[in-house]
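What follows is a set of notes on a single structure, which appears directly below.
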């Protein structure tokens, strides 16, 4: 099993939900986050001084899937989420040792 942390633009949430549905992912978390990367800073005036916005709003999607679903999800995300501009996001991939469904105690893939 793998955990994917997918950082995307907030306006791409509905596309991401469709991708996960098509991939038959059993569930996901969508979290509003802020961060910075290589995006250009936006300039604005504050009390007459030039300021730069360096923190950007993004959405972090967390999903745990069987190994065989990882590459299809990555392919769909890079094809359908990308705008071709800096700030489109990143995908982080982690190994998951085990999962447990709290309600039933089921473990492993059946707990997803």
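In the numbering used here, the protein residues as written are 830 to 941. We put the beta carbon where it would ideally sit given N, CA and C, even for glycine. Everything numeric in this text was worked out from a predicted model, so none of it was measured.
Indicate whether residue i and residue j have their beta-carbon atoms separated by less than 8 Å.
| i | j | result |
| --- | --- | --- |
| residue 899 | residue 941 | no |
| residue 895 | residue 830 | yes |
| residue 918 | residue 838 | yes |
| residue 844 | residue 910 | yes |
| residue 885 | residue 916 | yes |
| residue 873 | residue 880 | yes |
For residue i, tell me which candidate among the options has the shortest Cα-Cα distance.
| i | options | result |
| --- | --- | --- |
| residue 866 | 883, 851, 911, 935 | 883 |
| residue 925 | 937, 840, 851 | 937 |
| residue 835 | 864, 873, 922 | 922 |
| residue 849 | 905, 928, 927 | 905 |
Does residue i pass the burial test, meaning 16 or more other C-beta atoms within 10 Å, or should it be called exposed?
| i | result |
| --- | --- |
| residue 908 | exposed |
| residue 854 | buried |
| residue 929 | exposed |
| residue 893 | buried |
> Quick check: the region 887 to 895 against the region 852 to 868, are there 3 or more CB pairs under 8 Å?
Replying inline: Output reads yes: the region 852 to 868 touches the region 887 to 895.
> Considering only residues of the region 843 to 914, which uninterrupted alpha helix (DSSP H) runs meet the minimum length of 4 residues and lie entirely inside it, listed in chain order?
Replying inline: Those alpha helix (DSSP H) runs which fall completely within the region 843 to 914 and span 4+ residues are 896 to 909.
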